[in-house]
Structure formats: C-alpha cells, structure tokens
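Residue numbers (the working numbering): 45 to 366. For glycine and all other residues, C-beta sits at the position ideal for the given N, C-alpha and C. Everything numeric in this text was worked out from a predicted model, so none of it was measured. Read through the structure below, which is laid out as structure tokens, and then see the notes.
As structure tokens, then:
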C-alpha cells in the first residue's frame, strides 16, 4: 500500500469515528481551544522592560545604602557618639532630632548602615558557601552521599531558627562575630537544595560526560565545569539570604540580643522602643530605621528578581529564535 492510500484511509476512519460520535469531536475541539498558547517573545520583551526598570530602581537604592555603609563620614553631619540636648525635635541643626542621650539620629542612621549590611553580607556569604558545597557534592556524587547530605539538610530545615538564635544570644555574649556564623549556619538549606537540583541537570550534559571520559577528576569537573554554570542560581539566593539576614539582625537587635555598643538600624529601633521613643511619639526616631530596613530589603529582592527575569528572557528569546 502506498503512503497516499494509507493517509486517505486513516483520514476516512477518523471522519467516520467523528460522525458516529459527534460529542467526541466537540470535546476534542474544546480541549484544543483550551490549550495554552506560547506567548511571543515580544511579550517577554515588554514584561522584561518593566521589570528592568524595577531592577534599576533596586540597584540605585542598594548603591545608595552601600555608599552610606562605605563612606558614612561624608553623609553624617556628626560623629555617632557626639552628644547634644536629649529629645530634640527635628530642626536645621539636627534634621532628625536627637535621642534620649543626645546623639544625632541622622548620624546614627548613616553609621548604622555599615553594621546592618555587614551582618547581612557576611551571613549570606557563609550560608551560600555551605549550601553550594553541600548541594554540589550531593548532586554530583548521588547515591549514599546524596541521601546522607539531603537527610542532614532536612534535619537542619526543621530546626526553629529564631528561637535557637534567641537562646544562643541569651547565653552567649552578644556580638556581631557570634551573630554572623549563627545566622549563616542556619540558613543554607534552600541554597543546597537548589544547587543540588541544578547539578543533577548539569551532570548529564555532554561536556561533563566528555570531561569524565577524558579522565578529569571529580573535583576539577565540579569546580571548573559545573560551578561556573550555577551563578544565575547562586546570585539570587545570595541576595535573598542577605535580605533575610538583615531582617533577622534587626529582629534580634530589637529584642536586645545583639551588641548594643554597635550602632545598627535594629539597635536604633530597640532603643526607641525601650527608652521612650514610642511613648513620646517621636516618629523621627523609630520611623527612619524601619524605612531604611524596608527599602534596603526591597532593593536587594528587586536585584535578585531582576537577575532571574533576565535569565527567563534570554531563554525565551533563544527558544523563539530556534
């Protein structure tokens, strides 16, 4: 039988089936109409332009806070420990007034960016390093190593972090050098899981299999072939871990479990609450550090979200081109 005859016979059979059962034809047409259509690349381009503007706004805000942390003396009108008249309202001399011991609140706000960002970046660096190494080893070696490391990750995942940090802060001397490793050691689970998932995909690619066939060591393959292709996964996780660490530091400082001798935004909120700032309705004392924490966390989240959006846009463009 020729191909044309076979094709005509199959079409006749299909028409006969649909004539005998018209409800099947209706269902099939409804199913086809309900199938989601692939959005064109222009849709991703328009959406990416809007999200790109948000990303630029986040970069601008974060650069401003980073400049505050690196060069506080250029922005602060006074040293953070200079004393003036306590409980002064905002004026030309003190734009945000003074606190209970006469420190200029604007100067405290500028110098507090250094401590808050230092804690956030240091804790995020610790958690990202731990999560990357464990996820990389788990996804590459698989088997017993994978089960052991992911089982340990599940155990750490169910530990209540904030209560544990509160207990450690109550029994240990409050210090930034204790807060950073504790926050870093308790926030790497999601990074490990995401790294493991991506490593399992990259492990089966052609260039990794070729490297194994050529006799390269597992360490060389993991750190030279797989790790460079994880930056688009690790960078957003690092930014989000930074924001999470900053929120945790502010929460612990508000509870009085951080080093009170170091000026931070969370310490300013704690002092405003415990030393009459809320009772006296001194909004210029407690609102600015809260706004700075919120804006800094939002800017970091926007940068991480923008990185993920760029990756999706490039992927959509590549598929459309193909």
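For residue 127, DSSP records a beta bridge to 147.
About 17 Å separates the CB atoms of residue 114 and residue 339; that is not less than 8 Å, and the two are not in contact. Counting the other Cβ atoms within 10 Å of the Cβ of residue 267 gives fewer than 16, which makes it exposed.
Of all C-beta pairs linking the segment 173–183 to the segment 224–243, three or more are shorter than 8 Å, placing the two stretches in contact. Shown here for residue 292: same chain residues with a beta carbon closer than 6 Å to its own, the five before and five after excluded, namely 227 in chain order. The shortest CA-to-CA distance from residue 206 to any of 128, 289, 315, 273 is the one to 289.
Distance between residue 167 and residue 270, taken at the CA atoms: about 24 Å. Distance between residue 332 and residue 324, taken at the CA atoms: about 16 Å. Residue 162 is not bridged by DSSP to any residue.
Under DSSP, residue 142 takes part in a beta bridge, and its partners are 148. Between the alpha carbons of residue 273 and residue 279 lies a gap of roughly 11 Å. Looking from the CA of residue 183, the closest CA among 327, 237, 260 belongs to 237. In the displayed model, residue 283 falls within a helix according to three-state DSSP. Taking the Cβ atoms as the reference, residue 223 lies roughly 7 Å from residue 296, within the contact range of under 8 Å.
When only Cα atoms are considered, residue 117 and residue 316 end up about 23 Å apart.
Residue nearest to residue 112 within the set 189, 129, 127, 153 is 153 (criterion: CA-CA distance).
In the three-state reduction of the DSSP assignment, residue 297 falls in the helix class, which pools H, G and I. Burial is judged here by how many other beta carbons sit within 10 angstroms of a residue's own beta carbon; residue 246 has at least 16 and is buried. Distance from the CA atom of residue 208 to the CA atom of residue 286, rounded to whole angstroms, is 19 Å.
Per the C-alpha coordinates, the member of 225, 348, 186 positioned closest to residue 275 is 348.
By a beta-carbon distance limit of 8 Å, residue 309 does not contact residue 101. Their separation comes to about 21 Å.
In this structure, residue 298 lies away from residue 284, with their beta-carbon atoms at least 8 Å apart. Taking a C-beta distance under 8 Å as the contact criterion, residue 328 and residue 145 do not qualify as a contact pair. DSSP places residue 304 outside both helix and strand once states are collapsed to three, so it counts as coil. With distances taken between CA atoms, residue 170 lies nearest to 282 out of 218, 282, 159.
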